[in-house]
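In what follows, a structure is listed as structure tokens, so that the remarks can point back to it.
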Amino acid sequence: MREKLRVGILGATGMVGQRFISLLENHPWFEVTTLAASPRSAGKTYEEAVGARWKMDTPMPETVKKLVVKNVNEVEEVASEVDFVFSAVDMSKEEIKKIEEDYAKTETPVVSNNSAHRWTPDVPMVVPEINPEHFDVIESQKKRLGTRRGFVAVKPNCSIQSYAPVLTAWKEFEPYEVVATTYQAISGAGKNFTDWPEMVGNIIPFIGGEEEKSEQEPLRLWGHIENGEIVKAESPVITTQCIRVPVLNGHTAAVFVKFKKNPTKDQLIEKLINFKGIPQELSLPSAPKQMIQYLEDDNRPQVSMDVDYENGMGVSIGRLREDTVYDYKFVGLSHNTVRGAAGGAVLCAETLKAKGFIAKK
Ligand SMILES: NC(=O)c1ccc[n+]([C@@H]2O[C@H](COP(=O)([O-])OP(=O)(O)OC[C@H]3O[C@@H](n4cnc5c(N)ncnc54)[C@H](OP(=O)(O)O)[C@@H]3O)[C@@H](O)[C@H]2O)c1
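What follows is the structure, encoded as structure tokens:
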């Protein structure tokens, strides 16, 4: 039997860390062997450290309950036990940048959920269906870090998953101006309604830093490698408003688009449902079979009906229609802690393994 890669999770006790643990239960390639969190949790069993904070719908896997949580800052000790790590620690941006590179320098690849390295020029930020070729920039990063196999790779922000894949599917029609309003779930802030009762029946029109990420990160996905660095694309211009809504899981986006070419509605739908990339071609374990579904009913996509499409790894689109000011408008929905966070990172790691960037130490 093929031996699985040993995986560590940095920030294992948090919302995203818990999602990693749930998604990796019974994973065919990866086995969670090491959990790390803040010094507050270090030395406790995972079950004790998480206590009442377990937020997943499925029970905590038996295989992790008795693992003793390590201190994220004890880099050598954590790194010595694993082939690579997923990172979901909540520290300052500078601390995260440093600690993720410290892990890389121990020859431990880091697949990160954090935003700290998203604009580091030689760090790939990837949605595997959109820009897997950006992983090639890892060779330049390794030279900078002086490593053989250690590197940092990241996935983009959760908010863009409800429209960036759609705009990618429509690339040949040359979208050049996009307006998006996102309606974002509270789990995106690591919270549920018990820890954030003020969100019941409420809307908050501000999510710190989110609009800039939602406008700029798609451009980096559509960029190219030049002299060992990612150079972002210049178009389409995107403007956004990001709003927190009383939903547990699922980011919705209402989007308006102008195109240079003039696609028909049928052409746009055809591009959506046929959109695929490396994960589908290689049948990677976490790949959705069909990444984007188009729903004809006027009242779809709905969070309660559609957020778990393709186990939370797919994107649901509906209400595509012509607009009076823009060319077309539509509504998109994706699962923010699956496709938008841990699931997106797991799919990146599977792609990295398939491409030979992650192997046994
Ligand atoms: N939630 C989402 O949907 C989402 C989506 C995309 C990105 N993110 C990003 O992912 C990261 C984690 O998010 P989350 O929602 O899972 O946060 P969270 O629930 O607050 O969990 C934070 C994790 O980081 C650890 N931690 C906190 N302070 C630390 C310190 N000083 N040193 C070492 N470890 C420390 C915590 O350990 P203890 O339990 O020991 O305190 C916990 O394991 C954040 O950077 C967030 O911005 C989240």
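Numbering (the UniProt record's numbering), first residue to last: 1 to 361. For every residue, glycine included, the Cβ atom is placed at its ideal position computed from N, Cα and C.
Taking 7 angstroms as the cut-off, one finds at least one heavy atom of ligand 1 near enough to the beta carbon of G188. In the three-state reduction of the DSSP assignment, S92 falls in the coil class. Listed in chain order, the non-local C-beta contacts of V303 below 6 angstroms within the same chain comprise V247 and G250, local neighbours out to five positions each way being set aside. Annotation for Y309: no alpha helix (DSSP H) segment contains it, and DSSP assigns it neither H nor E. In the displayed model, S159 falls within a helix according to three-state DSSP. Residue burial annotation: T264 is exposed, with fewer than 16 other C-beta atoms found within 10 angstroms of its C-beta. For secondary structure counted as the alpha helix (DSSP H) over 4 or more consecutive residues, the stretch 239-323 holds these complete runs in sequence order: 265-273, 278-281 and 303-306. For I138, the enclosing alpha helix (DSSP H) starts and ends at I138 to L145. The stretch 191-204 and the stretch 142-162 do not touch, with fewer than 3 CB-CB distances between them shorter than 8 angstroms. Taking non-hydrogen atoms of ligand 1 into account, the C-beta of N336 is found less than 7 angstroms away from one of them.
The stretch 21-39 and the stretch 111-118 do not touch, with fewer than 3 CB-CB distances between them shorter than 8 angstroms.
The continuous alpha helix (DSSP H) containing G343 extends over residues G343 to A354.
Between the stretch 151-160 and the stretch 300-318, the count of C-beta pairs closer than 8 angstroms stays below three; the two stretches do not touch. With a threshold of 7 angstroms, the Cβ atom of R144 does not count as near ligand 1, since no heavy atom of the ligand is closer than that. Taking non-hydrogen atoms of ligand 1 into account, the C-beta of N192 is found less than 7 angstroms away from none of them.
Cβ neighbours of S41 within its own chain (closer than 7 angstroms, five residues either side excluded): T13, A49 and V69. In the displayed model, A169 falls within a helix according to three-state DSSP. Residue side-chain check: R118 keeps its Cβ at 7 angstroms or more from all non-hydrogen atoms of ligand 1. Between F84 and I358, the C-beta gap is smaller than 8 angstroms, which places the two residues in contact.
About 6 angstroms separates the beta carbons of F135 and K355, which is inside the 8 angstroms limit, making them a contact pair.
Proximity of the beta carbon of V7 to ligand 1 is not indicated: no heavy atom of the ligand is located closer than 7 angstroms. A straight-line Cα-Cα distance of about 10 angstroms links S316 and E310. Its Cα nearest to that of D323, the residue K258 stands out among K258, D298, L221 and I207.
If only complete runs of 4 or more residues are kept, the stretch 26-110 shows the alpha helix (DSSP H) at 46-50, 62-65, 75-79 and 93-105, in order along the chain.
The C-alpha of N131 is placed about 16 angstroms away from the C-alpha of L284. As computed with DSSP, I9 is found in a beta bridge with L35 and F86.
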